[in-house]
Amino acid sequence: MAAPARTLAVPAVSPRLLAVALLSVGLMLMLGYLVAFDQGAVSQSGMYLHELMHDGRHLLGVPCH
Amino acid sequence: MRGLIVGLFAGLLAGAFAYTMGEPHIDAAIAIEEAGAAHTHDHGDAAASSEEEEPLVSRNGQRAGLFLATTLYGVALGGIFAVGFTLLRRKLRTGNDSYAALGLAAAGFIGIVLVPFLKYPPNPPAVGDPETITRRTVTYLLTLVIGLLAVWAGVAASRWAARYGDIARPAGGVAAFLVTIVAAYLILPSINEVPGSFPATLLWQFRFASLGTQATLWLLLGFGYAVAVDRRLSRQKVVAA
Numbered sequence: 001m002a003a004p005a006r007t008l009a010v011p012a013v014s015p016r017l018l019a020v021a022l023l024s025v026g027l028m029l030m031l032g033y034l035v036a037f038d039q040g041a042v043s044q045s046g047m048y049l050h051e052l053m054h055d056g057r058h059l060l061g062v063p064c065h
Numbered sequence: 001m002r003g004l005i006v007g008l009f010a011g012l013l014a015g016a017f018a019y020t021m022g023e024p025h026i027d028a029a030i031a032i033e034e035a036g037a038a039h040t041h042d043h044g045d046a047a048a049s050s051e052e053e054e055p056l057v058s059r060n061g062q063r064a065g066l067f068l069a070t071t072l073y074g075v076a077l078g079g080i081f082a083v084g085f086t087l088l089r090r091k092l093r094t095g096n097d098s099y100a101a102l103g104l105a106a107a108g109f110i111g112i113v114l115v116p117f118l119k120y121p122p123n124p125p126a127v128g129d130p131e132t133i134t135r136r137t138v139t140y141l142l143t144l145v146i147g148l149l150a151v152w153a154g155v156a157a158s159r160w161a162a163r164y165g166d167i168a169r170p171a172g173g174v175a176a177f178l179v180t181i182v183a184a185y186l187i188l189p190s191i192n193e194v195p196g197s198f199p200a201t202l203l204w205q206f207r208f209a210s211l212g213t214q215a216t217l218w219l220l221l222g223f224g225y226a227v228a229v230d231r232r233l234s235r236q237k238v239v240a241a
């Protein structure tokens with residue numbers, strides 16, 4: 001160990017890392033969409049999830065009806 | 001992975017905040033909606049009046065759903081945050097990972113919460129025209145993107161201005177940020193669908209509860225991630241020693 005590092009060894013941005021990163025961001029956006037905007041088109045549960053998470057959506061500042 | 005866990009806890013606690021601070025206002029707003037019966041949208045309480053159909057989710061269900069929503073949202077944000085941190089870490093000019101995490105969380109809060117909040121403040125139930133939901137959603141998402149762009153512009157400008165002295169650095173950053181959002185605010189249509197009869201006090205209590213919920217989420221996300229990074233760092237040092 002040379003200098004007392006205050007940072008983690010961050011891996012270089014390789015194509016592999018980038019692919020994993022993009023994939024997980026995609027997944028997360030999907031999850032966010034499910035909470036924020038879905039009205040049954042994706043979840044196939046009709047409006048159930050939409051209504052269930054209704055209060056959360058209002059308080060997270062997402063526009064609603 | 002750490003991002004997901006931190007996001008989970010941040011989401012849960014933000015849910016707790018929202019539950020205590022926000023729910024009374026939502027209930028109050030729904031009461032107004034029911035009294036006015038301006039439009040029909042399933043708010044659970046509809047069961048109270050006998051001729052209306054059975055609500056899909058009861059009000060108690062929606063209160064529990066609040067935690068589900070903020071938690072899932074927290075997990076999603078945490079995951080995106082962790083990826084962003086990994087990809088951007090080299091560009092953040094601080095030698096300390098914890099500071100970097102806090103800085104990134106602050107930038108995220110400003111870009112994703114504050115900028116949309118100031119242009120399109122969130123509204124409680126009973127406010128808003130169902131006809132315009134698509135337009136409002138699109139403009140809301142646009143403000144998210146613009147918020148992040150504005151933060152990026154601010155950082156870029158402050159680095160560029162740094163060569164002109166110590167004062168120029170923050171001044172340049174703030175100026176670039178402000179120019180971006182003011183231009184965006186002027187271009188984007190303004191939307192005001194709050195009925196004149198809706199009590200202003202309740203409206204703003206709700207809005208501040210909403211802002212507080214999101215501030216809680218981002219604050220915990222930033223600090224949680226900073227702590228997680230720090231702990232992993234000290235473990236690595238032990239291994240190295």
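Here the protein sequences line up with chains A and B, keeping their order.
full-length UniProt numbering puts the first residue of the first sequence at 1, with every later residue one more than the last.
full-length UniProt numbering puts the first residue of the second sequence at 1, with every later residue one more than the last.
Just so you know, even glycine gets a beta-carbon here, dropped at the ideal spot from N, CA and C.
If the cut is a Cβ gap below 8 Å, which residues of chain B does residue i touch?
| i | result |
| --- | --- |
| A/Ala21 | Val83, Thr86 and Leu87 |
Verify whether the separation of the beta carbon atoms of residue i and residue j is less than 8 Å.
| i | j | result |
| --- | --- | --- |
| B/Thr216 | A/Leu60 | no |
| B/Leu211 | B/Phe109 | no |
| B/Val229 | B/Ser98 | yes |
| B/Val113 | B/Trp218 | yes |
| B/Ala156 | B/Ala175 | no |
| B/Pro189 | B/Thr134 | no |
| B/Ala101 | B/Phe85 | yes |
| B/Phe198 | B/Val127 | yes |
| B/Val151 | B/Ala209 | no |
| B/Ala153 | B/Phe177 | yes |
| B/Arg207 | B/Pro130 | no |
| B/Ile26 | A/His58 | yes |
| A/Leu31 | B/Leu149 | no |
Anything in chain A within Cβ reach of residue i, meaning under 8 Å, just list it in chain order.
| i | result |
| --- | --- |
| B/Pro124 | His58 |
| B/Ile26 | Asp55, His58 and Leu59 |
| B/Val113 | Gly61 |
For residue i and residue j, what's the separation of their Cα atoms in angstroms?
| i | j | result |
| --- | --- | --- |
| B/Ile80 | B/Gly172 | 28 Å |
| A/Val20 | B/Arg159 | 30 Å |
| B/Leu202 | B/Gly95 | 45 Å |
| B/Ala48 | B/Thr213 | For B/Ala48, the predicted structure reports a pLDDT of 41, less than 50, and the residue's modelled location is therefore unreliable. A value from the coordinates is still provided. Using only the alpha carbons, I get a separation of about 29 Å. |
| B/Gly222 | B/Ala76 | 14 Å |
| B/Asn60 | B/Leu186 | 41 Å |
| B/Asn192 | B/Leu56 | 29 Å |
| B/His43 | B/Thr137 | Note that B/His43 scores 49 on pLDDT, short of 50, meaning its location in the model is unreliable and no value can be drawn from it. |
| B/Arg169 | B/Leu88 | 21 Å |
| B/Phe67 | A/Leu29 | 19 Å |
| A/Val62 | B/Arg93 | 33 Å |
| B/Pro125 | B/Thr143 | 21 Å |
| B/Val182 | A/Gly56 | 29 Å |
| A/Gly26 | B/Val6 | 19 Å |
| B/Pro195 | B/Asn123 | 11 Å |
| B/Gln205 | B/Gly103 | 28 Å |
| B/Gly224 | B/Ser234 | 16 Å |
| B/Leu220 | B/Ala82 | 14 Å |
| B/Gly147 | B/Val227 | 26 Å |
| A/His54 | B/Gln62 | 6 Å |
| B/Lys119 | B/Lys91 | 30 Å |
| A/Leu18 | B/Ala200 | 47 Å |
| B/Leu141 | B/Ala105 | 19 Å |
Going along chain B in order, which residues have a C-beta closer than 7 Å to the C-beta of residue i?
| i | result |
| --- | --- |
| A/Gly26 | Within 7 Å Cβ-Cβ: nothing; A/Gly26 doesn't reach chain B, min ~10 Å. |
Note down, in chain order, every chain A residue with its Cβ under 7 Å from the Cβ of residue i.
| i | result |
| --- | --- |
| B/Gly65 | Leu52, Met53, His54, Asp55 and Gly56 |
| B/Val155 | Per Cβ cutoff of 7 Å: no residues; B/Val155 is ~19 Å from chain A at best. |
| B/Gln214 | Leu60 and Gly61 |
Against residue i, what residues of chain A qualify as contacts under a CB-to-CB distance less than 9 Å, listed in chain order?
| i | result |
| --- | --- |
| B/Tyr140 | Gly61, Val62 and Pro63 |
| B/Phe117 | Gly61 |
| B/Ser210 | His58, Leu59, Leu60 and Gly61 |
| B/Ile80 | Ser24, Val25, Met28, Leu29 and Gly32 |
| B/Tyr120 | Gly61 and Pro63 |
| B/Gly75 | At residue 75 of chain B the sequence reads Val, which differs from the Gly that was named. The answer, in chain order, is Met28 and Leu31. |
Is the Cβ of residue i closer than 8 Å to any Cβ of chain E?
| i | result |
| --- | --- |
| B/Ala226 | The displayed structure is made up of protein chains A and B, and chain E is not among them. |
Problem set entry | alpha helix (DSSP H) runs wholly inside the segment 127-212 of chain B, at least 4 long, in chain order | 133-161 and 168-187
Exercise. What residue ranges within the segment 84-117 of chain B form continuous alpha helix (DSSP H) runs of no fewer than 4 residues, ordered along the chain?
Worked result: 97-108
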